[in-house]
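Enquirer: Residue numbers (UniProt numbering), protein chains in the order written: chain A, 1 to 268; chain B, 1 to 268. Glycine residues also receive a C-beta, built at the ideal position from the N, C-alpha and C atoms. Since the model is a prediction, treat every value here as computed from it, not as a measurement.
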DNA sequence: AACACAGTTTCATTATTTGGAACTGAAAAA
DNA sequence: TTTTTCAGTTCCAAATAATGAAACTGTGTT
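#1: Using the C-alpha atoms, what's the distance from residue 194/A back to residue 228/A?
#2: So is residue 225/B buried or exposed if we call it buried at 16+ other beta carbons inside 10 Å?
#3: What residue does the alpha helix (DSSP H) around residue 41/A start on, and which one ends it?
#4: Hey, is residue 167/B's beta-carbon within less than 8 Å of any beta-carbon in chain A?
#5: Rounding to the nearest angstrom, what Cα-Cα distance links residue 76/A and residue 136/B in this structure?
#6: Contact defined as beta carbons within less than 8 Å: I believe residue 72/A pairs with residue 142/A. What is the distance between those atoms, to the nearest angstrom?
#7: Does the segment 204 to 224 of chain B come within contact of the segment 232 to 245 of chain B, defined as at least 3 CB pairs closer than 8 Å?
#8: Would you mind stating whether residue 54/A and residue 46/A have Cβ atoms separated by less than 8 Å?
#9: With DSSP as the reference, identify every bridge partner of residue 185/A, one or two as the case may be.
#10: For residue 197/B, count neighbouring Cβ atoms within 10 angstroms of its own Cβ and tell me buried if that reaches 16, exposed if not.
#11: Hey, out of 101/B, 148/B, 161/B, whose CA is closest to residue 138/B's CA?
#12: Take residue 231/B and list the residues in its own chain whose beta-carbon comes closer than 7 Å to its own, dropping the five residues that flank it on each side.
#13: So, does the CB of residue 203/B fall closer than 8 Å to a CB anywhere in chain A?
#14: Would you please state the rounded distance, in angstroms, between the beta carbons of residue 78/A and residue 64/B? I believe it to be under 8 Å.
#15: Could you name the residues of the segment 94 to 121 of chain A whose beta carbon sits closer than 7 Å to any beta carbon of chain B, in the order they occur along the chain?
#16: Am I right that residue 17/A and residue 24/A are in contact with their C-beta atoms under 8 Å? What's the rounded C-beta distance?
#17: Please report the distance separating the alpha-carbon of residue 26/A from that of residue 248/A.
#18: When we look at the beta-carbon of residue 70/B and count the other beta-carbons within 10 Å, is it buried (16 or more) or exposed?
#19: Could you tell me which chain A residues have their CB closer than 8 Å to the CB of residue 134/B, listed as they occur along the chain?
#20: Can you give the Cα-Cα distance for residue 162/A and residue 35/A, rounded to whole angstroms?
#21: When you check each C-beta in the segment 52 to 71 of chain A against every C-beta of chain B, which residues fall closer than 9 Å?
#22: Taking CB distances under 8 Å as the criterion, tell me whether residue 49/A reaches chain B.
#23: Of all Cβ atoms in chain A, is any one closer than 8 Å to the Cβ of residue 210/B?
#24: Using the C-alpha atoms, what's the distance from residue 104/B back to residue 178/B?
#25: Any C-beta of chain B within less than 7 Å: which residues of the segment 134 to 162 of chain A qualify?
#26: When we look at the beta-carbon of residue 217/B and count the other beta-carbons within 10 Å, is it buried (16 or more) or exposed?
#27: Quick one: which chain A residues come within Cβ less than 8 Å of residue 78/B?
#28: Taking only runs that begin and end inside the segment 85 to 172 of chain A, name each unbroken beta strand (DSSP E) of 3 or more residues, in chain order.
#29: Relative to the C-alpha of residue 131/A, which residue among 4/A, 11/A, 15/A is closest?
#30: Within the continuous beta strand (DSSP E) that includes residue 213/B, where are the two ends?
#31: At which residues does the alpha helix (DSSP H) containing residue 32/B begin and terminate?
#32: When the cut-off is 8 Å and only beta carbons count, does residue 6/B lie next to chain A?
#33: Since residue 46/B meets chain A, which of its residues come closer than 8 Å, beta carbon to beta carbon?
#34: Please list, in chain order, all residues of the same chain as residue 183/B whose beta carbon is under 6 Å from its beta carbon, the five residues on each side excluded.
#35: Which residue's Cα is closest to the Cα of residue 111/A: 140/A, 95/A, 93/A, 199/A?
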């Protein structure tokens, strides 16, 4: 994955800082990277200077910078399916009363780009941007199943196959078998493969040409329901996925995108 | 602002793509940048390759990439005041029933990092990441007023002073005068300077050492209230700002940050 | 068939990055 | 106090990567 000259290296550094998920010291980064001291130092300086990292002078620590938040807003608005999918997610969430996720694939990981939570309806951004494993989540498998062969091979080979529960698929072969099944029936299932007690169904979002754009899922808990009940929703979820796919295809390009930023700022 | 070697240029390109706020063609970028064709081309390739941009093969357009969303999640969680401020914003929003903003300064612009909206309580991430002008918003002025002299000079000189309404402060002198006032009384006011009908009060968030971290505001509309009513909330807002400042100072560094990622994923 | 034009590739030149090593300053150990 | 240690910082010749003018490609147009 690495290695586009200077820019690639700089991105690696960003990822590394982000990966710590807490403020990091120079020394810690030095250890976990394989850049020489001076090189890493200069990268950190430059990135900080650019606002891609932020440096706490007192504690001498780095964290990802706010400029990323600004840029991500644009990314979320333009590159993600979230603005298009929003009304559909709202509807689906209302109808099912369950947690609904919208995800896309990033570096063969699941990137959650939007969410509706049954219980606690706030909590949005804390989820958008979160990543998860692809091989043991409904959305992850739904997406992988509809990649073209080359991309699928890459994706499948890059999974970690960590055993989260005793139902987790822990081999490439098992995953491939499940993906074939998913491709045939058109939806994926997560039967407590990632977290005990959590089950879900997921449908891929595809263009009419068959290109995979993302996936949506409805999640439930085994305490409140079983699979048969959850699968009741499959036709509805599939239909929503189709609608999102169709809109995504149509939407792109009224030359100036109408108003992805939906609500008036009213800020101050 | 520009010019840290290759990395700086790459960041410029990212900003440029983001600035279009819609998918952009190569030619459009070429026109608005001053990079030579081949140079710009290679930057776009590399950034796309890294997931910092995404490229629509069909339409031949670039948009900011999803990797930014992933990185921003980390930035928001770690570098912003949002996780610390969350409960305070919730409370303030409940008590006042008005729109509440949390902002920080990024490139001398206001970056909204969190929000509670009176009317429509969802809508979070669409706001987090949005930027606004500093010289004509409550939070912007509250923050600028408490910058140290060097930073303040830079900030003041970089404002655009565009006249949004006939109450907008449109000169450096007028702004500086207002900032002095704000510094003395400890809070800022936006009297329809950005949008007609929208008024707000804002308090800076400071460390005990006086370093400015951000600001919070309560916004109202002239239809429903006047300034006297709104200013009733000043002591409360100031207190919340102080609490957030104190927590921010304390929080940073239980060596492994307890759990910035608050809620269980339950994803799939 | 000829043209126009957006997008892509090439390659010798130029400028930047690189990283070993030496330096600094503050804090811990003697 | 003096010495040691070590994280963080600076330096500079060598190595590498970025540069950009110009040539090319291929798609869609006159």
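Expert: Let me spell this out:
#1: 19 Å
#2: exposed
#3: 37 to 49
#4: no
#5: 26 Å
#6: Their Cβ separation, rounded to whole angstroms, is 24 Å, which puts residue 72/A and residue 142/A out of contact at 8 Å.
#7: yes
#8: no
#9: Residue 185/A pairs with nothing; no bridge assigned.
#10: exposed
#11: 101/B
#12: 201
#13: no
#14: 6 Å
#15: 99, 101, 104, 106, 107, 111, 112, 113, 121
#16: 6 Å
#17: 43 Å
#18: buried
#19: Those do not exist, as residue 134/B stays about 11 Å from chain A at its closest Cβ, beyond 8 Å.
#20: 28 Å
#21: 52, 53, 54, 56, 58, 59, 61, 63, 64, 65, 66, 67, 68, 69, 70, 71
#22: yes
#23: no
#24: 19 Å
#25: 137, 138, 139
#26: buried
#27: 21, 22, 23, 63, 64
#28: 99 to 106, 109 to 116
#29: 15/A
#30: 212 to 221
#31: 26 to 32
#32: yes
#33: 4, 5, 7, 8
#34: 145
#35: 140/A
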